[in-house]
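Residue numbers (this note's numbering), protein chains in the order written: chain F, 704 to 955; chain V, 144 to 637. Working notes, beginning with the structure itself.
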C-alpha cells in the first residue's frame, strides 16, 4: 500500500489497521470453532472407548492412567458403563457404584448453592446431562437404589419426603454451618423470620425452612405464631443476652 | 547402613512409597527377604513388603510404623534375571528369585556401575511367585524409565508435528506443499495445515485400542492444548449457549480433583490390598480434610477418592474396612461415629483432647462462670455447627469436665469443680483453684451478691450445712436463684 501524506494517508492507515484487525478476529474465531469441533469429536471418541474397551483399559495400568488424564483434560466422565440385566434385577455390579459416585459428585458441586439439600428430580436431570450418551436414561428409582448402597458409610445421605417432592440431604446436621449463620442473624433481635433469612443470606426457600426446622428439633429455637402479621417467628433464647432475662426473675 | 548399598526410597506419612511421575505399581508381595549371598557386607533385609513398579523394586520394612525404612533397586541397574531353578529342594523351601545388578566399585547399586552383584529375593509369604517373576520380566523389558527420557524427546518432535509446522518451517519459509509461507495468506495456510494434521492424528489414534495406546502421550498433550485454548480464551461470544457453559464448568470441575496415578487394586496388591489401600487413603485424605476444616463426611471422601482413582472404583464396604484398619497404623487421621449414625473422618489433632482443652478455657471465662456455656455460644466460638458443639459439650460432661444445667432458658454447661472439693477439708475455702474463681465471678455479677456471699460463708463454716454445700454446688447458682432462696428458708435463717 502506498503511503499517502496528510489526512488522507492517516485515514487509509486507520482503515487498513481495522481491516487487519477484523481479519485477525475472523481467523481466531474460525480457529476456535474448529478446535471446538475437534474437541467434541475427541470427546465422543473417548466416551465410546471408555464404554467399549473398559476392561482392556483397566488391565493395563500405565495406559489407564494416561486414558484418565485424557478424559480429565477434555471433560469426559470415564464412569459410563451400561446397566446390565442382572445389575437391574439383583442390584449388583458396577453400575450402581458408579452412579453413587456421580450422585455424590453432583451434590458436592451444588452444595454451595443449595446448602446440601437438593431435589431428587433436579439430581436426576444433572445426572442425565453428565451421562449424555448413556443407553437408557437414569430413573429416580436408580438414584434411590444407588443412595441406599451408600448407607454402609453412615447416614450422611438421606432422602426426605416433603409432600410429593423428595429431597436429598447431603450435609448431616453435625456438619451443617447454615445453623451458625442463622444464629448470628438472630443475635440482632432475638428472633428471625423465614423471609428475613432468605433475604439476608440469599438462600432458596427450602433451605431456610429446613435449617429452621432442624434448629427447632435441636431445641435451640422456639416458635411464635401469635404476631399480628401472622408470620411465624423463630426465637432463639440462647442467642439473646441472658442478663435481661435474669433481672426480671430476681425481682420476684 | 543400608544407604551404602542401596539407594533409599522415600515414604509418605502413612508408609506408602513416594512414586516418581509416571511410575505405576505392578505388584505387591508381603514377607519378602532381600539379601546378597556372595557379598557378606550387604545387609540382610528381613521380612518386608516388596513393591514392583515400572521403574523400581521397592522394599519396605514391616516394622513398627514411624520407623519403617525403605530401599529401592532401580530397574535400570538390573542386568539379568535368573530363571527359577526347579528342583526337589525348591518345592519345600521358599522360592528364591535371583537377579544381577550392576554396582559401583564401592558396592553401591548403581545403573552405570562396572561391578556386578547378585541379589536374592526370598519369598516367604503365600504368594504366587511365578506370576511375580513374569511381571518382573515385563516391567524390566518395558524399560519405562528409559522410554520416559526418550519419549519426551520424541514427544516434542511429534508434538511439533501436531502443534504446528511453525518452528521448523518458519526457518525455511516454505510449507510442505511448497507454497510460500509469507504474509496473510501464509498465516492462513499454516492454520489450515495445523488443523488438518490434528484431524488426521485424531482419526488415526481412535481407530482401535492399540493405536490409542501407542498415541496416548500425543493425545494427552493435544487435550491439554485444547483445554488451555478453550478455557483461558476470552468469552467474546457472549451468546454462549448453556451447553458450552456447562461443558466449560465440567472441565473446570475435573481440574479441581487431584488424580491418583497409581491406585492400589486387587490385581496389583493381592493379599495386601486392604493394608495398602488404607495407607493410600490416609495420604489422599489430607488435602480435602484441610479444605473442609478438619472434619469431612465419609461419603464425601468416598466420592473424592473414587474420582481420583478414575475407573478403579472401590466399594463402600472396602472404604469402611480401610478406615477401620487405620487404628493399627500410625496415621494422623481417624474415623469417628456419631450417635445419629453419621460417620466422619477427622484429624487426630482435632481430636477430643484438643477440643476439651478449648472448651475448658471457654468455660473458665468470667461470662461463662456467671451464665454458663450453651451449645450456640460454643458453636460460634469454636467455629463448628451447633449440633457438633452440643455433641462435644456432652462428651466433655461425660468425661467430667463440665456439669449441665437444664432450665427454662435451655441447656447450659458449667465448669465442674467437684474434683477440687476435698472431703476432709470441706469447710475451708481455698483462695486458689476453680472454686475460688467461680465464687469471685458469681459474687461480682449477681445483684444479690452479698446474699450469696453470706450463704456461702455460713454454709462452709457450719458443720450442720454439710448437705447444703452439695445442693449449692449442684444448683450452679446464678440462674437458679429461686431455688436457692427456697433452700435458705427451709434450712433456717443463715
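Backbone N, C-alpha and C define an ideal beta-carbon position, used for all residues, glycine too.
When you compare each of V:478, V:371 and V:359 to residue 760 (chain F) by their alpha carbons, which one comes out closest? Within the first chain, the letter at position 57 stands for residue 760 (chain F). For residue 760 (chain F), the nearest C-alpha among the options comes from V:359.
Within 8 Å of any Cβ in chain F, is that where the Cβ of residue 258 (chain V) sits? Numbered from 1 along the second chain, position 115 holds the residue referred to as residue 258 (chain V). Chain F contact via Cβ: absent.
When the Cα of residue 342 (chain V) is compared with those of V:366, V:409, V:220 and V:513, which residue comes out closest? Residue numbering aside, residue 342 (chain V) sits at position 199 when the second chain is read from its first letter. Residue 342 (chain V) has its Cα closest to that of V:366, out of V:366, V:409, V:220 and V:513.
Rounded Cβ spacing between residue 237 (chain V) and residue 265 (chain V) (contact assumed at less than 8 Å): Numbered from 1 along the second chain, position 94 holds the residue referred to as residue 237 (chain V). Numbered from 1 along the second chain, position 122 holds the residue referred to as residue 265 (chain V). Confirmed, Cβ separation roughly 5 Å.
Does at least one heavy atom of the ligand MG sit under 7 Å from the Cβ of residue 332 (chain V)? With respect to the ligand MG, the structure shown offers nothing to examine, as it has no ligands at all.
Which residues in chain V have a C-beta closer than 8 Å to the C-beta of residue 725 (chain F)? List them in chain order. Stepping through the first chain from its first residue, residue 725 (chain F) is reached at position 22. By Cβ distance, chain V contributes nothing, its closest Cβ being about 12 Å from residue 725 (chain F), past 8 Å.
Any C-beta of chain F under 8 Å from that of residue 529 (chain V): The sequence position of residue 529 (chain V) within the second chain is 386, counting from 1. For residue 529 (chain V), the nearest beta carbon of chain F is closer than 8 Å to its own beta carbon.
Residue 549 (chain V) burial status per 10 Å Cβ neighbour count (16 or more: buried): As a working note, residue 549 (chain V) is residue 406 in the second chain. Counting every other CB atom within 10 Å of its CB across the protein chains shown gives residue 549 (chain V) a total below 16, marking it as exposed.
Touching or not, the segment 909-923 of chain F and the segment 875-886 of chain F, by the rule of three or more beta carbon pairs under 8 Å? Contact between the segment 909-923 of chain F and the segment 875-886 of chain F is present, because at least three Cβ pairs lie under 8 Å.
When the Cα atoms are used, what is the spatial distance from residue 128 (chain V) to residue 285 (chain V)? Outside the shown range of chain V, which is 144 to 637, sits residue 128 (chain V), and nothing can be said about it.
For chain V, check one thing: does any of its Cβ atoms lie closer than 8 Å to the Cβ of residue 826 (chain F)? Here residue 826 (chain F) corresponds to residue number 123 of the first chain, with the count starting at 1. Among the residues facing chain V, residue 826 (chain F) is not included, as its CB has no counterpart in that chain under 8 Å away.
State the Cα-Cα distance for the pair residue 714 (chain F) and residue 728 (chain F), rounded to the nearest angstrom. Along the first chain, one-based indexing puts residue 714 (chain F) at 11. Along the first chain, one-based indexing puts residue 728 (chain F) at 25. Distance between the alpha carbons of residue 714 (chain F) and residue 728 (chain F) is about 21 Å.
Please check if any C-beta of chain V sits within less than 8 Å of the C-beta of residue 760 (chain F). Within the first chain, the letter at position 57 stands for residue 760 (chain F). Closer than 8 Å: yes.
Closest to residue 542 (chain V) by CA distance: which of V:551, V:524, V:525 and V:561 is it? Counting from one through the second chain, the residue named residue 542 (chain V) turns up at place 399. Considering only alpha carbons, the answer is V:561.
Step through the CB atoms of chain F and report whether any lies within less than 8 Å of the CB of residue 445 (chain V). If you number the second chain from 1, residue 445 (chain V) lands on position 302. It does: the Cβ of residue 445 (chain V) has a partner Cβ on chain F nearer than 8 Å.
As a quick exercise: from V:201, V:158, V:225 and V:363, pick the residue whose alpha carbon is nearest that of residue 640 (chain V). Outside the shown range of chain V (144 to 637) lies residue 640 (chain V), about which nothing can therefore be said.
Between the segment 803-820 of chain F and chain V, which residues of the former have CB atoms less than 9 Å from a CB of the latter, in chain order? Of all residues in the segment 803-820 of chain F, 803, 804, 805, 806, 807, 808, 810, 811 and 812 have a Cβ within less than 9 Å of some Cβ in chain V.
Within the same chain, show all residues whose beta-carbon is closer than 7 Å to that of residue 464 (chain V), passing over the 5 residues directly before and after it, in chain order. Taking the first residue of the second chain as position 1, residue 464 (chain V) is located at position 321. 417, listed in sequence order.
If you drop the 5 nearest sequence neighbours on each side, which residues of the same chain put their C-beta closer than 8 Å to that of residue 302 (chain V)? Indexing the second chain from 1 puts residue 302 (chain V) at position 159. With a pLDDT of 38 at residue 302 (chain V), under the threshold of 50, the predicted position of this residue should be treated as unreliable, though the coordinate-derived value follows. Excluding positions up to five away in sequence, the list reads 361 and 364.
Outcome for residue 159 (chain V) when other beta-carbon atoms lying within 10 angstroms are tallied against a minimum of 16: In the second chain, the residue the question calls residue 159 (chain V) occupies position 16. Buried is the label assigned to residue 159 (chain V), since at least 16 other Cβ atoms lie within 10 Å of its Cβ.
Can you give me the Cβ contacts of residue 400 (chain V) inside the same chain, cut-off strictly under 8 Å, excluding the 5 residues immediately before and after it? Position 257 of the second chain holds residue 400 (chain V). Confidence is the limiting factor: at residue 400 (chain V) the pLDDT is only 45, short of 50, which leaves the residue's position unreliable, though a coordinate-based value still follows. Within the same chain, and ignoring the five residues on either side of residue 400 (chain V) in sequence, the residues whose Cβ sits closer than 8 Å to its Cβ are 447, 450 and 451.
Can you tell me whether DSSP reads residue 813 (chain F) as helix, strand or coil? Along the first chain, read from residue 1 onward, the residue named residue 813 (chain F) stands at position 110. Helix.
For a contact defined as C-beta to C-beta under 8 Å, what are the partners of residue 913 (chain F) on chain V? The residue you call residue 913 (chain F) lines up with position 210 of the first chain. Those within 8 Å of residue 913 (chain F) in chain V number zero; the least Cβ separation is about 14 Å.
Status (buried if at least 16 other CB within 10 Å, exposed otherwise) for residue 807 (chain F): The residue given as residue 807 (chain F) occupies position 104 in the first chain. Result: buried.
Please list, in chain order, all residues of the same chain as residue 462 (chain V) whose beta carbon is under 8 Å from its beta carbon, the five residues on each side excluded. Here residue 462 (chain V) refers to the residue found at position 319 when the second chain is read from its first residue. Non-local beta-carbon contacts of residue 462 (chain V) in its own chain, meaning distances under 8 Å to residues more than five positions away in sequence, involve 424, 441, 444, 445 and 448 in chain order.
Under the rule that 16 or more other beta-carbon atoms within 10 Å means buried, what is residue 534 (chain V), buried or exposed? What you label residue 534 (chain V) is simply residue 391 of the second chain in a count that begins at 1. With 16 or more Cβ atoms within 10 Å of its Cβ, residue 534 (chain V) is classed as buried.
Quick check: what's the CA-CA separation for residue 718 (chain F) versus residue 331 (chain V)? Within the first chain, the letter at position 15 stands for residue 718 (chain F). Within the second chain, the letter at position 188 stands for residue 331 (chain V). Just so you know, the alpha carbons of residue 718 (chain F) and residue 331 (chain V) end up roughly 21 Å apart.
Taking the alpha carbon of residue 195 (chain V) as the reference point, which residue from V:222, V:268, V:280 and V:164 has its own alpha carbon closest? By 1-based counting over the second chain, the position of residue 195 (chain V) is 52. Nearest to residue 195 (chain V) by alpha-carbon distance, out of V:222, V:268, V:280 and V:164, is V:280.
Check whether chain F comes within 8 Å of residue 236 (chain V), counting only Cβ atoms and requiring the distance to be less than that. For the purposes of this step, residue 236 (chain V) is taken as the residue at position 93 of the second chain. Not one chain F Cβ lies under 8 Å of residue 236 (chain V).
Kindly give me the distance between the Cβ atoms of residue 483 (chain V) and residue 858 (chain F), rounded to whole angstroms, as I take these residues to be in contact under 8 Å. Position 340 of the second chain, counted from the first residue, corresponds to residue 483 (chain V). Position 155 of the first chain, counted from the first residue, corresponds to residue 858 (chain F). Going by Cβ atoms, the distance from residue 483 (chain V) to residue 858 (chain F) rounds to 7 Å, so yes, they are a contact pair.
Taking all protein chains shown into account, do 16 or more other C-beta atoms lie within 10 angstroms of the C-beta of residue 736 (chain F), making it buried, or fewer, making it exposed? Working through the first chain from its first residue, we reach residue 736 (chain F) at position 33. Exposed: under 16 other Cβ atoms inside 10 Å.
Any 3 or more C-beta pairs closer than 8 Å across the segment 846-866 of chain F and the segment 892-902 of chain F: With a cut-off of 8 Å, the segment 892-902 of chain F and the segment 846-866 of chain F do not count as touching, because too few Cβ pairs lie within range.
Could you check the C-alpha separation between residue 519 (chain V) and residue 532 (chain V) for me, to the nearest Å? One-based indexing of the second chain puts residue 519 (chain V) at position 376. One-based indexing of the second chain puts residue 532 (chain V) at position 389. Answer to the nearest angstrom: the Cα atoms are 7 Å apart.
If we count the other Cβ atoms within 10 Å of its Cβ and call it buried at 16 or more, is residue 504 (chain V) buried or exposed? For this step, residue 504 (chain V) is matched to residue 361 along the second chain. Around the C-beta of residue 504 (chain V), fewer than 16 other C-beta atoms lie within 10 Å, and the residue is accordingly described as exposed.
In its own chain, which residues sit with a C-beta less than 6 Å from the C-beta of residue 546 (chain V), not counting the 5 before and 5 after it? The sequence position of residue 546 (chain V) within the second chain is 403, counting from 1. Cβ neighbours of residue 546 (chain V) beyond the five flanking positions: 557 and 559.
Would the beta-carbon of residue 841 (chain F) fall within 8 Å of that of residue 802 (chain F)? As a working note, residue 841 (chain F) is residue 138 in the first chain. As a working note, residue 802 (chain F) is residue 99 in the first chain. Cβ atoms of residue 841 (chain F) and residue 802 (chain F): closer than 8 Å.
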